[in-house]
Amino acid sequence: TIHIDQHVLGFTLTVAFLTTLVFGLAPALEMSGTDTNDSLREGGGRTAGSLRQTRLRDIVVAVEISLSLALLVGATLLIRTYANLRGINPGIDPRNLLIMKLALSGPKFETTSATSEFFQKVVDRTENLPTVDAAAFVTVLPLEQGPDQPFQIEGRRNNQSGDAQFRAITPDYFRAVRVPLLQGRFFTQADDPQSQGVVIINEALVRQYFRGGYPMGEHLTITGGAATGARTIIGVVGDIREDGLDNPPPTLFVPTAQLDNVTLSPNGVGPTADTAQCS
């Protein structure tokens with residue numbers, strides 16, 4: 004979530020107060036040391052020195068006004084940008100969401116089956132904690148740009164092709180980040196290497212490649228990477244801003260259990276009130 008840092012806010016207010024105090028007291032202190040009678044006597048005629056002082060004072064005032072206007076415009080734009088960012092829906096619910104990154108290495112994780120088994124053990128143990136609603140793994144976190152995956156839609160003229168963001172996830176991922184299911188179903192433990200290849204797509208992909216129609220049961224072929232092969236569309240989920248805060252890109256989601264033997268870089272996610280520690 005986007006919020007104002009308390010330390011930065013306190014520092015800014017302190018600097019603003021001291022600046023106002025210094026520039027407000029300086030003219031008063033200067034006038035306090037001036038004799039009123041002398042000022043009145045000298046008022047009748049201006050010397051070259053007094054003209055230079057007046058010109059210098061005018062320049063200083065003009066510079067101060069220019070800087071004040073620049074600060075005012077900058078502050079206005081900053082507030083407007085902050086308000087606009089607050090109004091952007093990232094597609095996930097970040098409240099009480101704990102994220103941790105894992106680096107898996109060694110011969111134990113050389114195969115997808117071993118890695119998927121490890122994922123499931125961690126997920127099961129985490130979800131057994133009383134403060135955890137759901138836990139899951141994903142190869143690339145929301146708001147982080149991932150790899151583009153080429154694919155072809157079967158049954159279309161010339162096998163219509165395109166590119167989409169790619170995420171490999173465990174079954175409870177959408178429940179963990181609270182992304183709504185719009186059509187079909189989520190992944191389950193039954194979506195394993197022995198079952199039919201499946202894929203879940205987001206709204207952006209439906210709009211772009213299916214013209215907002217009903218894609219359930221359609222077949223597409225992923226033509227590169229660890230998820231290569233024909234897959235059946237079993238679900239449509241809400242859009243997640245996978246590439247920063249720009250418009251949500253078309254995205255393909257596949258179950259980690261159905262990937263080829265590759266090295267994964269997983270990220271654990273899950274809503275929780277406390278920090279969950281697993282070993």
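Just so we're aligned: the sequence shown equals residues 4 to 282 in the working numbering.
Heads up, the beta-carbon is just placed ideally off N, CA and C, and yes, glycines get one too.
If contacts are defined as beta-carbon pairs under 8 angstroms, then residue i and residue j qualify, I think. What distance do you get, rounded to the angstrom?
i: Pro258; j: Val182; result: In fact, because the Cβ distance is near 15 angstroms, the residues do not count as touching under 8 angstroms.
i: Leu223; j: Ile156; result: 5 angstroms
Leaving out five residues before and five after residue i in sequence, what residues of the same chain have Cβ atoms less than 8 angstroms from its Cβ?
i: Gln280; result: In this predicted model, Gln280 has a pLDDT of only 35, less than 50, meaning its place in the structure is not dependable enough to derive any value.
i: Glu206; result: Leu185, Val239, Val240, Gly241, Asp242, Pro251
i: Gly247; result: Leu146, Gln148
i: Val11; result: none
i: Ile68; result: none
Can you give the Cα-Cα distance for residue i and residue j, rounded to whole angstroms?
i: Ser71; j: Thr57; result: 21 angstroms
i: Gln197; j: Leu262; result: 11 angstroms
i: Asp277; j: Thr134; result: Caution is warranted here: a pLDDT of 39 is assigned to Asp277, below 50, making its placement in the model unreliable, and the coordinate value is therefore given only provisionally. Spanning the two alpha carbons is a distance of roughly 7 angstroms.
i: Gln163; j: Glu130; result: 41 angstroms
i: Leu80; j: Arg89; result: 14 angstroms
i: Asn99; j: Val141; result: 18 angstroms
i: Arg159; j: Ala179; result: 35 angstroms
i: Asp136; j: Asp175; result: 10 angstroms
i: Lys104; j: Ala73; result: 42 angstroms
i: Glu221; j: Gln211; result: 15 angstroms
i: Val286; j: Leu21; result: The shown model of the chain, from 4 to 282, leaves out residue 286, and the question about it has no answer.
i: Thr4; j: Arg244; result: Residue placement at Thr4 is poorly supported in this model, since its pLDDT is 48, which falls under 50; the coordinates are not used for a value here.
i: Ala193; j: Thr173; result: 12 angstroms
i: Gln123; j: Val76; result: 53 angstroms
i: Ala106; j: Asp249; result: 28 angstroms
i: Gly109; j: Asp127; result: 23 angstroms
i: Gly13; j: Thr23; result: 15 angstroms
i: Thr226; j: Gly165; result: 10 angstroms
i: Thr266; j: Ser116; result: The predicted position of Thr266 is uncertain, since its pLDDT is 47 and thus under 50; no value can be drawn from it.
i: Ala230; j: Thr254; result: 14 angstroms
i: Ile62; j: Ile82; result: 30 angstroms
i: Thr84; j: Ile91; result: 11 angstroms
i: Val66; j: Arg60; result: 10 angstroms
i: Ala138; j: Arg188; result: 18 angstroms
i: Gln9; j: Ala78; result: 17 angstroms
i: Asn87; j: Ala19; result: 25 angstroms
i: Arg234; j: Thr15; result: 55 angstroms
i: Glu120; j: Phe213; result: 35 angstroms
i: Thr17; j: Leu54; result: 36 angstroms
When you compare the CB positions of residue i and residue j, do they come within less than 8 angstroms of one another, or not?
i: Ile236; j: Pro218; result: yes
i: Phe169; j: Pro145; result: no
i: Arg177; j: Ala167; result: Checking the sequence shown, residue 177 turns out to be Phe, not Arg. No, these two residues do not count as a Cβ contact at 8 angstroms.
i: Phe190; j: Ile204; result: no
i: Gln152; j: Gly228; result: yes
Using C-beta distances below 6 angstroms, list every residue in its chain close to residue i, excluding the 5 sequence neighbours before and after it, in chain order.
i: Asp96; result: Arg181
i: Gly232; result: Gly200
i: Ala171; result: Thr142, Val257, Thr259, Leu262
i: Phe112; result: Thr118
i: Asp195; result: Ala260
Could you check where the alpha helix (DSSP H) with residue i kicks off and where it finishes?
i: Phe177; result: 176-180
i: Gln211; result: 206-212
Could you check where the beta strand (DSSP E) with residue i kicks off and where it finishes?
i: Pro153; result: 151-156
i: Phe140; result: 139-141
i: Val239; result: 232-240
i: Gly165; result: 164-172
i: Ile225; result: 222-225
i: Leu185; result: 184-187
i: Met103; result: 100-104
i: Leu255; result: 254-258
Does any C-beta atom of chain B lie closer than 8 angstroms to the C-beta of residue i?
i: Thr191; result: Absent from the structure is chain B; it holds one protein chain and no more.
Quick one: what's got a C-beta closer than 7 angstroms to residue i's C-beta in the same chain, skipping five residues either side?
i: Gly215; result: Val209
i: Val25; result: none
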